[in-house]
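Colleague:
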Amino acid sequence: MVDIFYPLQWIADKLTYDVFGIAPDTHLAASVNFIIYDVMKIFVLLAVMIFVVSYIRTYVTPEKTRKVLGGKKGLQYHLLASLMGGVTPFCSCSSVPLFIGFVEAGIPLGVTFSFLITSPLVNEAAVAALWATMGLKATLIYTVSGILLGVIGGYLIGLLKMEKHVAEFVYKIKVGDSNKNPKELSAKERTAAAYESVKEIVEKVWIYVIIGVALGGIFHGYAPEGILAKYAGEDNLLAVPIAVLIGVPLYSNVMGMIPIVESLIGKGLPVGTALAFLMGVTALSLPEMIILKKVLKNELIAAFVIIVSISIIFTGYLFNIIL
Amino acid sequence: MKIEILGTGCSKCKKTKETIERVLKQSGVEAEVIKVEDIEKIMNYGVMVTPAVVIDGDVKLAGKVPDEKDIRKWIGQ
Chain A
1 MVDIFYPLQW IADKLTYDVF GIAPDTHLAA SVNFIIYDVM KIFVLLAVMI FVVSYIRTYV
61 TPEKTRKVLG GKKGLQYHLL ASLMGGVTPF CSCSSVPLFI GFVEAGIPLG VTFSFLITSP
121 LVNEAAVAAL WATMGLKATL IYTVSGILLG VIGGYLIGLL KMEKHVAEFV YKIKVGDSNK
181 NPKELSAKER TAAAYESVKE IVEKVWIYVI IGVALGGIFH GYAPEGILAK YAGEDNLLAV
241 PIAVLIGVPL YSNVMGMIPI VESLIGKGLP VGTALAFLMG VTALSLPEMI ILKKVLKNEL
301 IAAFVIIVSI SIIFTGYLFN IIL
Chain B
324 MKIEILGTGC SKCKKTKETI ERVLKQSGVE AEVIKVEDIE KIMNYGVMVT PAVVIDGDVK
384 LAGKVPDEKD IRKWIGQ
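Keeping their order, the protein sequence lines are chains A and B. Quick note on numbering: the first sequence equals residues 1 to 323 in the numbering used here. Quick note on numbering: the second sequence equals residues 324 to 400 in the numbering used here.
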């Protein structure tokens, strides 16, 4: 297969060996080359991916999602909700109005959760960074597992019939209709919106990407081979749950974590453990729980956290076994 | 003119308010700028993604920070 990223490798080689004059086959050359190549690759994929997904997103607004999913039960609607969550950007400050809007439209609680679980878990920036660092296969595994996790997690929450654990005021709110039919956008407006998202996300994450790649690069060049296989290998069953736990407080730094995780895999961290860690970073976040507490009672938050954590840990074990 | 900025207090909502106030100052248009943080009022406008901008009861934008060009158009400049 032709490596479409070959030109980036060529530039990285040129810069490392010719411009900076670092002797090949040294730790320093390995680190510098890795850092330059990874940074370029991540930014190229980031720009392309955000642009494409943001363009598609102009067709999948929360208002339309609400209309499509209202009053629907069944696994296929969990899948649909999860897919829509995947392309919807997730800013934790929008989770409360989205939640209320969904519940008010008669979308079952479980289907709403399928959307809420996948939305932060599968996002175009993380997918682009994964693709740039760990390749297409790991990225597809992450994305498909993320979507299924939303389906299963939401389905289980639906089975628990926890409607009474939603704050009472949520059921009393009437969603107005002054924003029900936003005007259709022209292709030019969609392009402008997609370009704006690229700018907005890149401005927000570039520093994490560079720090993450730099740390990953140092690790890549200097850490002894197989160091992680020894301590966090597949036969250490505690490694997956611990990885997920470590991931929880690292919310919003996922863009920096991905390149670090890539270098850890290079030193023997099993791929399943790595993916479970990244899912812990994106799917479970303290600030989001605090915000959701406004609309959910503790029992429902606990059910959400437990179901999502167990599903992530299971996913980690599964891929450690089959990969 | 009454300009309402809907949002539960994230950084984008703050940026929206700043941008709107800057454009108002530059264009010399008089308007009352109100920040709406009450979730019930936000929902009453049918807005699910914040920040959103409402001018005289009309939802102009939801889910992103408006740019100056948009704002000038809304305030008739």
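Beta carbons: idealized from backbone N, C-alpha and C, even for Gly. If you're wondering where the values come from, they're calculated on a predicted model, not measured in any experiment.
Around the Cβ of Asp381(B), are there at least 16 other Cβ atoms within 10 angstroms (buried) or fewer (exposed)?
Modeller: In the second sequence, counting from the first residue as 1, residue 381(B) sits at position 58. Exposed.
Colleague: Can you name the residues of chain B whose CB is closer than 7 Å to the CB of Val175(A)?
Modeller: Position 175 of the first sequence, counting from 1, holds the residue named residue 175(A). Within chain B, the residues near Val175(A) are Met366, Gly369.
Colleague: Check whether the Cβ of Pro120(A) lies closer than 8 Å to any Cβ atom in chain B.
Modeller: Your numbering for residue 120(A) matches position 120 in the first sequence. So no, Pro120(A) is outside the interface.
Colleague: I think Pro259(A) touches Thr133(A), with their Cβ atoms under 8 Å apart; what is that distance to the nearest whole Å?
Modeller: Looking up residue 259(A) in the first sequence gives position 259. Looking up residue 133(A) in the first sequence gives position 133. That belief holds up - the Cβ atoms of Pro259(A) and Thr133(A) are roughly 5 Å apart, short of 8 Å.
Colleague: Out of Pro24(A), Ile265(A), Tyr155(A), Val295(A), state which residue places its alpha-carbon closest to the alpha-carbon of Glu225(A).
Modeller: On the first sequence, residue 225(A) is found 225 positions in, with the first residue counted as 1. The residue with the shortest Cα to Cα distance from Glu225(A) is Ile265(A).
Colleague: Verify the CB distance criterion: does Ile100(A) have a CB-CB separation below 8 Å to chain B?
Modeller: Working through the first sequence from its first residue, we reach residue 100(A) at position 100. So yes, Ile100(A) belongs to the interface.
Colleague: Could you tell me the distance, in whole angstroms, from the CA atom of Gly158(A) to the CA atom of Met40(A)?
Modeller: In the first sequence, residue 158(A) corresponds to position 158, counting from 1. In the first sequence, residue 40(A) corresponds to position 40, counting from 1. Near 43 Å, if we compare the C-alpha coordinates of Met40(A) and Gly158(A).
Colleague: Of all the options Thr118(A), Val103(A), Tyr195(A), which has the alpha carbon lying nearest to the alpha carbon of Val144(A)?
Modeller: Taking the first residue of the first sequence as 1, we reach residue 144(A) at position 144. The shortest C-alpha separation from Val144(A) is found at Thr118(A).
Colleague: Can you tell me whether Asp390(B) is buried or exposed, with buried defined as 16 or more other CB within 10 angstroms of its CB?
Modeller: Residue mapping note: residue 390(B) aligns to position 67 of the second sequence, counting from 1. That one is exposed.
Colleague: Taking the continuous beta strand (DSSP E) assigned at Leu316(B), which residues delimit it?
Modeller: A query on residue 316(B) cannot be resolved here, the shown segment of chain B reaching from 324 to 400 and no further.
Colleague: Do Cys93(A) and Thr342(B) have their CB atoms nearer than 8 Å?
Modeller: By 1-based counting over the first sequence, the position of residue 93(A) is 93. By 1-based counting over the second sequence, the position of residue 342(B) is 19. No, the Cβ-Cβ distance between Cys93(A) and Thr342(B) is not below 8 Å.
Colleague: Between the C-alpha atoms of Leu45(A) and Val213(A), what's the straight-line distance to the nearest angstrom?
Modeller: Within the first sequence, residue 45(A) is the residue found at index 45, counting from 1. Within the first sequence, residue 213(A) is the residue found at index 213, counting from 1. Roughly 15 Å separates the two Cα atoms.
Colleague: List the whole-angstrom C-beta distance separating Ala128(A) from Met49(A), where the pair is believed to meet the contact cut-off of C-beta under 8 Å.
Modeller: Here the question's residue 128(A) lines up with position 128 in the first sequence. Here the question's residue 49(A) lines up with position 49 in the first sequence. Yes, they are in contact, since the Cβ atoms of Ala128(A) and Met49(A) sit about 4 Å apart, within 8 Å.
Colleague: Could you tell me which of Ile141(A), Glu184(A), Ala167(A) sits nearest to Met279(A), measuring between CA atoms?
Modeller: Locating residue 279(A) in the first sequence gives position 279, counting from the first residue. Of the listed residues, the one whose Cα sits closest to Met279(A) is Ile141(A).
Colleague: Residues of the segment 135 to 154 of chain A in Cβ contact with chain B at a cutoff of 7 Å, in chain order, please.
Modeller: Listed in sequence order: no entries.
Colleague: For His78(A), does the count of other Cβ atoms within 10 angstroms reach 16, so buried, or fall short, so exposed?
Modeller: Taking the first sequence and counting its residues from 1, the one referred to as residue 78(A) is at position 78. When all chains shown are included, His78(A) counts as buried.
Colleague: Could you spell out where the alpha helix (DSSP H) holding Glu391(B) opens and where it closes?
Modeller: The count along the second sequence starts at 1 and reaches residue 391(B) at position 68. Looking at the DSSP string, the run of the alpha helix (DSSP H) that includes Glu391(B) is 391 to 397.
Colleague: Name the two residues that bound the continuous beta strand (DSSP E) containing Glu184(A).
Modeller: The sequence position of residue 184(A) within the first sequence is 184, counting from 1. Glu184(A) -> no beta strand (DSSP E), and no H or E assigned at all.
Colleague: Could you tell me which uninterrupted alpha helix (DSSP H) segments, each at least 4 residues in length, are contained entirely in the segment 211 to 270 of chain A, listed from first to last along the chain?
Modeller: Runs of the alpha helix (DSSP H) inside the segment 211 to 270 of chain A: 227 to 232, 239 to 247, 254 to 266.
Colleague: For the beta strand (DSSP E) containing Glu360(B), name the first residue and the last one.
Modeller: By one-based count along the second sequence, residue 360(B) stands at place 37. Looking at the DSSP string, Glu360(B) is not in any beta strand (DSSP E), and its letter there is neither H nor E.
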